[in-house]
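Notes to accompany the following structure.
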Amino acid sequence: MSGSRVAVITFPGSLDDRDALRAVRLVGGTPVPVWHRDRDLGGADAVILPGGFSYGDHLRAGAIARFAPVMVAVADHAERGGPVLGICNGFQILCEAGLLPGALTRNAGLAFVCRRVHVRCETSATPFTSTLEPGEVLPVPVKHGEGRFVADPETLERIEDEGRVVFRYCSPGGDLGDEWNPNGATNHIAGIANDRGNVVGMMPHPEHAVDPEVGPTGGQPLFESLLQAVPAGV
Amino acid sequence: MKRRFEIVVMLKPGMADPQGRAVEDALPTMGWSGVTDVRTGKHVELTVEAESEEAARALVEQVAGRLLSNPVIEEYRVLAAEEVG
Amino acid sequence: MKRRFEIVVMLKPGMADPQGRAVEDALPTMGWSGVTDVRTGKHVELTVEAESEEAARALVEQVAGRLLSNPVIEEYRVLAAEEVG
Amino acid sequence: MVQAHQRGDAPIHRALGLTDEEHDRIVAALGREPNRAELAMYAAMWSEHCSYKSSRVHLGELPTDGPQVLVGPGEDSGVVDLGDGLACAFKMESHSHPSAIEPYQGAATGVGGIVRDVLSMGARPVALLDPLRFGSLEDARNRWLFEGVVAGIGGYGNCIGVPTVGGEVRFDPAHGPNPTVNAMCVGFVPTDRILRSGRGRPGDVLLLIGARTGRDGIGGVSVLASRTLGRASQEDRPSVQIADPFAEKLLIEACLELAGRGLLAGLQDLGGAGLTCAVSETATVAGAGAEIDLEAVPLREEGLEPFEILTSESQERMLAVVRPGDLQAAREACERWGLVSAVVGRLTSDGALRARSGGRVVAEVAAHSLTEEAPRYRRPMAAPPTLDEVQADDPTFLPPPVAPGEAVLRLLAAPNVASKRWVWERYDSIVQGNTVAGPGGDAAVIRLEGSTRAVALSTDGNGRYGRLDPYLGGAHAVAESARNVACVGARPLAVTNCLNFGSPERPEVMWAFRETVRGMGDACRALGAPVTGGNVSFYNESEDSSVPPTPIVGMLGLLEDHRLRLGSALRPGMALYLLGETFAELGGSEYAETILGVVRGRPPGLDLRREAALVTLLVEAAGRKVLAGAHDCSDGGLAAALAETAIAGDCGFAVSLPNHLPPHVWLFSESASRAVVWLLRSSATDLETLAEARGVPIERIGESGGPRMVVGDEVDIAVTEAAAVYEDAIPRLLRSGRSAG
Ligand SMILES: Nc1ncnc2c1ncn2[C@@H]1O[C@H](COP(=O)(O)OP(=O)(O)O)[C@@H](O)[C@H]1O
Ligand SMILES: [Mg+2]
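Here it is as structure tokens:
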């Protein structure tokens, strides 16, 4: 049987699109490649904006990609409550497009960082974390140069109060602290959701954490949650 | 009619600027003292072809506000434009 | 006496400017036409404390030429300074 | 019409790096004086960088064939068979000169160049490695170079989505004015889709794809490669370019789509000598000629002279050879990827390379006269007079000034040994999702998707050895890289290399070069790993100093089943063995440099039969699941090897000292052909039997476990303390600059 259809968008400069397609396949979903010039999502139930350096990350990461024709379809999909996951560059694009609040700025260390980190799930109320318990810790890799989440105080307060922080960087044991925060993100924020919870952005790479042969497996629950949220053929 | 514009994009006053900080920290090690409040940003120059000065300016404001800068973290200013025939 | 300086660092003319090119190529697809010769660079603002305007300027020239830019590929200009008491 | 070039302008050819003799050869080849455009073409093509005129005769001594070799030296990169219908293209190249004056852009464009070499074979780039050499980090300029180069390599590799999975960083005062920046790229290609050159036919179209052409590196090849850095850095500004990794990413995808759809008869990267090199080589190998129209070349700025267009080295461009019938499809694919493409010419049946501009011929030369008829020199060679004396002065028998325990900690903090995490955490080492083992181990492991096979990759080169004995320097570089891939369980398959030297016009440099090549050749033969390609970088000099002989070897190993891969992180409760024999060899060792402060004596000897036996044993034992892990002994000897595995596994050990050698000699000797291995006690006899069968000396030295590293009564250090020293050494050196004045 073919599982739920998950679109993965390829922008010029997308890098982890193949990995995201592979991850969808690995957990039993049906990957649907979508091109940045396309005007629809190929009838997909959910969509992933993958990591990479769309348009070379010129100006700001995601600044140019958010104008791509396909982003209209992404916005519609989000509007209808469809699941949208932005990973790394995808997260940056969603923020630039205004589908998520805040912005992702240059890492505090001023350098790209590729490292295995741990993130703590803060809410089950998204299609990507429904099978997780708040407080659960996942090992996942990060690899980015502009991942420091920032937002103005009011926005930040709202995100926190409404429980829209999805992941925070933490120790293997789940404790928070600057030494566990790879980019200086405000409140150790690694991922957030929109007010309805259907649009999620995160800097860590769950698609690089599904295959035990090449890394940790902390990304599996996200894809499993997604397949449950959008059962095949619904 | 063509005009050359200069646009400056800087982080909003409150926003941390790690790069500016790094420059500030590097200065004393190079033997330069007395420099403070270093802020870094982007400088963009572009040529616009439009019937009128107004039309050109309007376009530049659009591009600067929606593409060159992100209002969530940055602010921009357009420096005086000059005609380039 | 404190003065605030603005320094613009741009790639030398003739040097490829991939960022400027990427912006220029993207603009039409966003519905903005008539923009050409996009060049991007760095904009740095800093405050200098020195006895005289000359001393301050000399320091800024040093910093701009040796730390903020690499003369091999870039050129800089110092925009008018203003006193900040 | 072609206007004659007056003898009066003779200095022009000299300014372009051509000797008067070479100028006369050009006149002879043309039967007339060359015009400016033609002169620029010859100057570029006959430069050391493009023609290998000083190295060719020696490189001929390297072994280049074997059943695994599908494409040997000569093409853009070598290709070897991996089985399962897949092949591996790989090559290493230098970009030291530009990096020395603009570290970020210099290193970044170096990565771009080597990636295009692999792409030219139709291969998807799957891994990058970056062997680097700098002066001491105590010096501010060296820190600027180091941080800039690392940022540039990451800035490019990360943006094109090719994981940087390995490399080296070593520090030597002689590299201060002349840093060495090499980059290696590895690509995979279906065996039946390898793009060999020479498939072009008269009538085929030359399609230029990618970046527009600007005044980049005009005469740069000649000036950069033929003048010493001190003089060049004034003249060569246009030769440092601004990298455009985004354009490169599009170029990779577009070219692979064209190759995959069978739309290419050939593909050439544009590197040194730009269009001239790409077109003349394409024509020569096809036994054809070529017509190009310079006005068809998309330009970045107006008013380029014909000679500038012909020799511009603008980055991120590829030249595709396309059958006329495939042209439209090819151009549409480029457009889809947002790339400019332009028909700049076609292959002809006469052997001439003819360039037109404005309808008139601006250059006309025999294509092969640029390539095959380039000069070749057998330059004078002489061993440096002082070498014997330096070698005779053996530090091995100097009394140890510090206790072994302290020596271990100081070695772990020595930049050559210390952790390079600061570097490789700045690189995306996992993109593409096939990195089974990234940086930090003996060799990186990249799996072949949909197969249990994987390649193992390592780069090595020990500057001290090369300086003290170029022959051994070359041989050890090959041996250590083979040992490194064997330590993850992989069989050495083939070698690429980059030979970084001073001016070939100096007899002692040329002698060292020849010795190095001899050493590499012997080691490659003994280890069954032929050389499939590489790069020679001469003139790594500034007025006052030259790099020591710096051969860097990139080894490609094959792992039949990556699930049997060995790690270098120690695990508790294991039996610890030392494979190989330890001799009193501290000459040129890290211990001698760091603790005794001397780089003298004779480097460790190398018995290639022993090395081959060790490699075979490691591969065999790994394949039979006898071993739990392995780590080779290199800089810092057994002590450093043990400490590195302990730190990697956060696991201590207790080993006992033998009585046939003084403790510091046994701990720090850098005798070759050795590795530390650990295994379940129950496997001990299996290992001993295998070792005996292979004739590899084997010694059970102790057990793993506990929080401390204990060696007899001589060393007792907490693993956490050692780890702190090892991990913080390089960050601390970089910080010291920031705080201190
Ligand atoms: N410049 C670099 N880029 C990426 N990885 C590096 C670099 N320098 C060192 N490494 C990694 O650090 C580890 C140790 O390097 P090194 O001490 O040279 O290994 P070895 O001595 O076994 O050859 C290796 O995995 C190597 O790939
Ligand atoms: Mg090693």
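Protein chains in written order, with the numbering used here: chain A, -10 to 223; chain B, 5 to 89; chain C, 5 to 89; chain D, 19 to 759. Glycine is no exception: its CB is placed at the ideal position from the N, C-alpha and C atoms.
I'd like the list of long-range same chain contacts for residue i, defined as Cβ closer than 6 Å, with 5 residues on each side in sequence excluded.
i              : result
R26 (chain A)  : P58
A610 (chain D) : P413, L604 and V616
E255 (chain A) : For residue 255 (chain A) there is no data in the structure shown, the boundaries of chain A being -10 and 223.
V13 (chain A)  : V(-5) and P20
A85 (chain B)  : R7 and F9
Tell me, please, which residues DSSP counts as bridged to residue i.
i              : result
L150 (chain D) : D:V187 and D:V199
C159 (chain A) : A:H107
T716 (chain D) : Contrary to the premise, residue 716 (chain D) reads as Ile rather than Thr in this sequence. D:L597, per the DSSP bridge assignment.
Y80 (chain C)  : C:V13
W696 (chain D) : D:L594 and D:G647
M727 (chain D) : D:F671 and D:I735
W24 (chain A)  : A:T(-1)
Starting from residue i, trace the alpha helix (DSSP H) both ways and give me its first and last residue.
i              : result
I148 (chain A) : P142 to D150
S555 (chain D) : It is not in any alpha helix (DSSP H) - S555 (chain D) instead sits in the beta strand (DSSP E) that spans V549 to S555.
H76 (chain D)  : R74 to L77
G667 (chain D) : G655 to G667
T40 (chain B)  : Per DSSP, T40 (chain B) belongs to no alpha helix (DSSP H); it is in the beta strand (DSSP E), V39 to E53.
Just reading off the beta strand (DSSP E) that residue i is part of, what are its end residues?
i              : result
A476 (chain D) : Looking at the sequence shown, residue 476 (chain D) is not Ala but Ser. Residues A472 to D478.
A360 (chain D) : S359 to T366
M14 (chain B)  : K6 to L15
Q286 (chain D) : G284 to D287
G292 (chain D) : Run containing G292 (chain D): none in the beta strand (DSSP E); it sits in the alpha helix (DSSP H), G292 to V303.
I76 (chain A)  : V73 to I76
L276 (chain D) : First-last for L276 (chain D): P263 to G278, but that is the alpha helix (DSSP H), not the beta strand (DSSP E).
T127 (chain D) : No beta strand (DSSP E) holds T127 (chain D); the alpha helix (DSSP H) holding it covers P121 to L137.
C106 (chain D) : L104 to S112
Please identify the residue among the options whose C-alpha is closest to the C-alpha of residue i.
i              : options                           : result
I82 (chain A)  : A:V139, A:C103, A:E68 and A:S43   : A:S43
A659 (chain D) : D:E578, D:C651 and D:I665         : D:C651
E57 (chain C)  : C:G45, C:E87, C:M14 and C:K46     : C:E87
V36 (chain A)  : A:R(-6), A:A54 and A:R185         : A:R(-6)
G35 (chain C)  : B:E49, B:L63 and B:G38            : B:L63
L427 (chain D) : D:N176, D:L163, D:E39 and D:T612  : D:T612
E334 (chain D) : D:D540, D:G130 and D:E559         : D:G130
V23 (chain A)  : A:A62, A:E135 and A:C103          : A:A62
N518 (chain D) : D:V506, D:V503, D:P567 and D:D562 : D:P567
V506 (chain D) : D:A640, D:E717, D:E390 and D:N677 : D:A640
Less than 7 Å between C-beta atoms, sequence neighbours within five positions excluded: which residues of the same chain meet that for residue i?
i              : result
G591 (chain D) : S722 and G723
D21 (chain B)  : L15, R43 and T44
L228 (chain A) : No information on residue 228 (chain A) is available, as it lies outside the stretch -10 to 223 that chain A covers here.
S251 (chain D) : Caution applies to S251 (chain D), whose pLDDT of 40 falls short of 50 and renders its modelled position unreliable; the value that the coordinates give is listed next. Result list for S251 (chain D): I119, in chain order.
A593 (chain D) : W696, L697, R699, A702, R718 and E721
When you compare the CB of residue i with every CB in chain C, is at least one pair closer than 8 Å?
i              : result
G232 (chain D) : yes
L247 (chain D) : For L247 (chain D), the pLDDT reaches just 36, beneath the cut-off of 50, and the residue's location in the model is therefore unreliable, although a value from the coordinates is still provided. With 8 Å as the cut-off, L247 (chain D) does not count as an interface residue toward chain C.
F671 (chain D) : no
V258 (chain D) : yes
H47 (chain A)  : yes
R318 (chain D) : yes
Is any beta-carbon of chain A found at less than 8 Å from that of residue i?
i             : result
V27 (chain C) : yes
Q66 (chain C) : no
Who are the near neighbours of residue i in its chain, counting only those whose CB is closer than 8 Å to its CB and skipping five residues on each side?
i              : result
N187 (chain A) : A67, G70, G71, P72, V73, T115 and P116
Could you tell me whether any Cβ in chain D is nearer than 8 Å to the Cβ of residue i?
i              : result
A100 (chain A) : yes
E202 (chain A) : yes
D41 (chain C)  : no
Using beta carbons (cut-off 8 Å, strictly below), is residue i in contact with chain B?
i              : result
E53 (chain C)  : yes
V139 (chain A) : yes
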